[in-house]
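Participant: Each step along the sequence shown adds one to the number in the numbering used here, with nothing skipped, and position 15 is 192.
Just so you know, even glycine gets a beta-carbon here, dropped at the ideal spot from N, CA and C.
This one's a predicted model, so the numbers in the text were calculated from it and none came from an experiment.
Before I ask anything, let me first share the structure, which is written out below as structure tokens.
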Amino acid sequence: GWEITAMDFPGHGNSSCKAEGENYHFIDGVSEVLAFCEQMGWQQFIIIGHSMGAAIGSLIAATFPEKVAAFVSIEALGPIFDESITAVEQLRKHVLRRLKKPSKLTVYPTIESALEARVEIGELDHEIMRPLVERNLQAVEGGYCWKTDRRLRWPSALRMTEAQIDLFLKNIACPSLYIEGDKGYRGIHRLVKKRMPLVNDLQTTYLKGSHHLHMESVTEVAQAIDDFLKPLRD
């Protein structure tokens, strides 16, 4: 079988938040993952990523092809690009949000109330969301709050251009698998369809499920990944 290691990015899950005054930049995920892999002593590895993790994975696979044996991308193929907003507008949004006084921390009296709040704004039901919610809560005075660093929700300072993203995708040399849910985000699907021809060795799998289909169609996603990786195991 495969040895699977799941990493929490800084400010996510059980990883520490960045220091006060620091910021989260999407591109930092590349060095964060590689630093983690170096700490683990891996000379080469397989990347399986979903959404943001998949976008970061595509940059790693392109920039360090000698390290990535295979790449599995769920519901993303490269970083997000929004042509409706200019770089000037994007930077302005980021700076204004960064200078804004932090809002009051939301405290939920019980785990169940936090679960209800998360289910209301998402696509997943209580049963699927419960382990995620329980893992991402910490006890505080008066109840529970999210561990996730609220700065992660700030607008990015800058986003890569479509031409830059295309260049990275063209430089992915390893075998790659893209998995998409039939009820995922249409905007992402349109981007992915446009980008698919850029990736040299790309297989695609379409399954039932939302943007988080790996939590809904667990067996089917796992089987698709296992089938894709079988030649490497053999």
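For isoleucine 262, count neighbouring C-beta atoms within 10 Å of its own C-beta (all shown protein chains included) and say buried if the count is 16 or more, exposed if not.
Facilitator: Residue mapping note: residue 262 aligns to position 85 of the sequence shown, counting from 1. So isoleucine 262 ends up on the exposed side.
Participant: Below 8 Å, can you find three or more Cβ-Cβ pairs linking the segment 398-409 to the segment 234-249?
Facilitator: At 8 Å Cβ cutoff, the stretches touch.
Participant: Lysine 360 lies in the beta strand (DSSP E); which residues open and close that run?
Facilitator: Along the sequence shown, read from residue 1 onward, the residue named residue 360 stands at position 183. Start and end: 353-360.
Participant: Would you mind listing the alpha helix (DSSP H) stretches within the segment 309-369 that are 4+ residues and don't spill past its ends, in chain order?
Facilitator: You should have 339-347.
Participant: Check whether the segment 337-344 and the segment 318-328 touch, using three or more Cβ-Cβ pairs below 8 Å as the test.
Facilitator: Verdict: no, contact absent.
Participant: Please confirm whether isoleucine 356 and threonine 382 have their CB atoms less than 7 Å apart.
Facilitator: Locating residue 356 in the sequence shown gives position 179, where the first residue counts as 1. Locating residue 382 in the sequence shown gives position 205, where the first residue counts as 1. It is a contact, given that the beta carbons lie within the stated cut-off.
Participant: When the Cα atoms are used, what is the spatial distance from glutamine 220 to leucine 211?
Facilitator: For the purposes of this step, residue 220 is identified with residue 43 of the sequence shown, where counting begins at 1. For the purposes of this step, residue 211 is identified with residue 34 of the sequence shown, where counting begins at 1. Glutamine 220 and leucine 211: Cα-Cα distance of roughly 10 Å.
Participant: Name the DSSP beta bridge partners of threonine 382, please?
Facilitator: As a working note, residue 382 is residue 205 in the sequence shown. For threonine 382, which the question treats as bridged, DSSP gives the partners Ile356.
Participant: Between which two residues does the beta strand (DSSP E) carrying isoleucine 298 extend?
Facilitator: For this step, residue 298 is matched to residue 121 along the sequence shown. Taken as a continuous stretch (DSSP letters only), isoleucine 298 belongs to no beta strand (DSSP E), being part of the alpha helix (DSSP H) at 288-298.
Participant: Could you give the distance in angstroms between the alpha-carbon of histidine 271 and the alpha-carbon of glycine 364?
Facilitator: Residue mapping note: residue 271 aligns to position 94 of the sequence shown, counting from 1. Residue mapping note: residue 364 aligns to position 187 of the sequence shown, counting from 1. Computed Cα separation, rounded: 22 Å.
Participant: Please go through the segment 184-243 and give each complete alpha helix (DSSP H) segment of 4 or more residues, from N-terminal end onward.
Facilitator: As far as the segment 184-243 is concerned, its whole alpha helix (DSSP H) runs of at least 4 residues are 205-217 and 229-240.
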